[in-house]
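See structure below.
Numbering (our numbering), first residue to last: 210 to 420.
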């Protein structure tokens, strides 16, 4: 019976992740196809902000967070966390967002949904969420990669590595590694191979020094 519940929540997580709310909100409420109208073809909240404005962007961001948070958080009350099936359950909304069944398996970069998943996982252990937040802050304010796709590539590689080192629950570690590998591959495979990479330390300080 427990396996049945695992399967149900894995499917719920995947289907929840497959709902590309950024694409839906932009299309239904703003009449925009954010995949076709933006150069990176990403159906994510950042492109909703860019194309449709702040209110629609906030709505898309909240929905992307919730679709990762809700199925994982609710599952805590139905299934035990001491199984690798739980690791797959935790990562299922991220996998759904990257490979959405409702959009021909052509999904997004899964940053917001992974934050939502880790927010739910913090009910069990807060360290993965803290690691991802700190890494994004560090690589947004102190060491800055351009184009920004490389920020996410580096962040998720380090996130998976640091989770394996410091998170003490093996099933949480497995979930974090699955998420890290999936998001890393999504960014790395879809990067523009013609872009040159630049790295800047303390970019604001560098900008001020040029004035």
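Idealized CB from N, CA, C, for every residue including glycine.
It is roughly 20 Å from the alpha-carbon of residue 370 to the alpha-carbon of residue 398. By alpha-carbon distance to residue 229, the top candidate from 255, 213, 402 is 255.
In the three-state scheme derived from DSSP, where H, G and I count as helix and E and B as strand, residue 285 is classed as coil. With respect to the 8 Å criterion, residue 235 and residue 271 are not classified as neighbours on the basis of their beta carbons. Annotated as distal: residue 322 and residue 281, with beta-carbon spacing of 8 Å or more. In this structure, DSSP gives residue 330 a helical state, which the three-state scheme calls helix.
For residue 408, the uninterrupted beta strand (DSSP E) run begins and ends at 407-410, by DSSP. Looking at the DSSP output, residue 352 shares a beta bridge with 410. Closest option to residue 396, judged by alpha-carbon separation, among 360, 383, 412, 408: 360.
Looking at 214, 215, 226, the one whose alpha-carbon comes closest to that of residue 311 is 226. In the displayed model, residue 399 falls within coil according to three-state DSSP, outside both helix and strand. Counted as a single uninterrupted DSSP element, the stretch harbouring residue 357 is not any alpha helix (DSSP H), since DSSP gives it neither H nor E.
Measuring C-alpha to C-alpha distances from residue 390 to each of 338, 293, 364, 406 identifies 364 as the nearest. In this structure, the alpha-carbon of residue 368 lies about 25 Å from that of residue 231.
Between residue 287 and the set 379, 353, 409, 214, the nearest pair of CA atoms involves 214.
A buried status is given to residue 338, since no fewer than 16 other beta-carbon atoms sit within 10 Å of its beta-carbon. Taking the C-beta atoms as reference points, residue 253 is found no nearer than 8 Å to residue 355. The beta-carbon distance between residue 393 and residue 362, rounded to whole angstroms, is 6 Å. This is short enough to meet the 8 Å contact definition.
The closest CA to that of residue 347, considering only 284, 309, 411, is found on 411.
The continuous alpha helix (DSSP H) containing residue 299 extends over residues 293-307.
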